[in-house]
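> Once you've had a glance at the structure underneath, I'll fire off some questions.
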Amino acid sequence: MLSPDTPFSYEDVGATRDGRCPPGFHPLHVRARIGEGEAVFRTAADAVMTWEMHRALGVGITADADKAAPGVHVTVALGPLIKAPCRIVWTVEEYRRTGWAYGTLPGHPECGEESFIIERTGDGTVWLTVTAFSRAAKWYARAGGPATRGLQHAYARRCGAVLRKMCAPYEE
């Protein structure tokens, strides 16, 4: 287990809060409509904040807290071989906007940051926005090249599809 003061594996910590992509990183921005209404927003926000969305994707998640909060360590397991250690960088819990970002720690196959934000717009539509910047940190991520980035985009789109399905019973 990494210590609480293990440094992030990149320098521009928190850049996803402003939607920035530091030089030398590949950007990702995927927005998916989840549904409409307060119940959909609350259900989606809870699923994101408690790792439920990630678990519904079939991704292994180990976290040292039940809910996202700055400083919480999270390890994402992609199959039995790939373990991706991260730490929550920032969270937001507002009336119409909820989510968090985590940054990579040493040992992660990528280097960078990713955020998952649920937002309810003025017309009641609920959206998931996944924003990230990354570059390969391990040889196998580098070897994957553009295919690795394609997988990241597919993963972000799948987050939206899974969350939409989770929230469908609450649609107004």
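Here full-length UniProt numbering is used: the first residue of the sequence shown is 1, the next is one more, and so on.
Beta carbons are placed, not taken as given, at the ideal position from N, Cα and C, and that holds for glycine.
The structure presented is a predicted model; accordingly, all values stated were derived computationally and were not measured.
Please specify which runs of the beta strand (DSSP E), each continuous and at least 3 residues long, are wholly inside the UniProt domain "DUF1990" (9 to 161), giving them in chain order.
Secondary structure remark: continuous beta strand (DSSP E) runs of at least 3 residues inside the UniProt domain "DUF1990" (9 to 161), in chain order: 26 to 36, 60 to 63, 73 to 78, 82 to 93, 97 to 104, 110 to 120, 125 to 136.
> Once DSSP output is grouped into helix, strand and coil, what is the label at P7?
By one-based count along the sequence shown, residue 7 stands at place 7. If DSSP states are grouped into helix, strand and coil, P7 belongs with coil.
> When the distance is taken between beta carbons, is A156 closer than 8 Å to L57?
As a first step, residue 57 must be located in the sequence shown, where it is residue number 57. As a first step, residue 156 must be located in the sequence shown, where it is residue number 156. Taking 8 Å as the Cβ cut-off, L57 and A156 do not qualify as a contacting pair.
> Identify which residue in K83, D5, P106, F41 has its Cα closest to the Cα of E119.
For the purposes of this step, residue 119 is taken as the residue at position 119 of the sequence shown. Ranking the options by Cα distance to E119, first place goes to F41.
> Could you compute how far the alpha carbon of P109 sits from the alpha carbon of I82?
The count along the sequence shown starts at 1 and reaches residue 109 at position 109. The count along the sequence shown starts at 1 and reaches residue 82 at position 82. Going by the C-alpha atoms only, they are around 8 Å apart.
> What's the C-alpha gap between A161 and R33?
For the purposes of this step, residue 161 is identified with residue 161 of the sequence shown, where counting begins at 1. For the purposes of this step, residue 33 is identified with residue 33 of the sequence shown, where counting begins at 1. Computed Cα separation, rounded: 9 Å.
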